Amino acid sequence: MYGKKIVWIFPGWHSENFWQSRLDDIGCTAEQMNAAAEGSFLTSAIFYNPIEERGIANITSTSDGIWSKCAF
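The sequence shown begins at 0 in numbering that gives the first Met the number 0 and counts up by one.
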């Protein structure tokens, strides 16, 4: 399902171009999967991010004191 008013949100950490793997199992072409994934949102907790990049709160997974503020 995809179209102008559809946005996919994928929680968790996914590999690059994950929507292009195992296409024969789902019955969609690569072009259809690319169209469906266009404009999608991928979310993940910052501590799962293997890339040292700043998130929306301008912090990284190794920022000082980040874990002291979490209620585990």
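Where a beta carbon is used, it is the ideal one built from N, C-alpha and C, also for glycine.
Bear in mind that the values here come from a model prediction, so they are computed numbers and not experimental data.
Candidates the options, of which the one nearest residue i by Cα
i     : options                    : result
Lys4  : Thr59, Glu52, Ser39, Ser62 : Ser39
Gly11 : Pro49, Ser62, Ala56        : Pro49
Beta-carbon proximity of residue i to residue j, cut-off 8 Å
i    : j     : result
Ile8 : Thr42 : yes
6 Å CB neighbourhood of residue i in its chain, flanking five on each side removed
i     : result
Ala35 : Tyr1
Trp18 : Met32, Ala36
Alpha-carbon to alpha-carbon, residue j and residue i
i     : j     : result
Asp24 : Glu30 : 15 Å
Thr28 : Asn16 : 14 Å
Arg21 : Ala56 : 35 Å
Cβ-based neighbour list, residue i, same chain, cut-off 8 Å, excluding 5 preceding and 5 following
i     : result
Val6  : Gly38, Ser39, Phe40
His13 : Leu41
Assumed close pair residue i, residue j - CB separation to whole angstroms, cut-off 8 Å
i     : j     : result
Glu51 : Thr61 : 7 Å
Neighbourhood of residue i by C-beta, 7 Å cutoff - its chain only, sequence neighbours within 5 removed
i     : result
Gly26 : none
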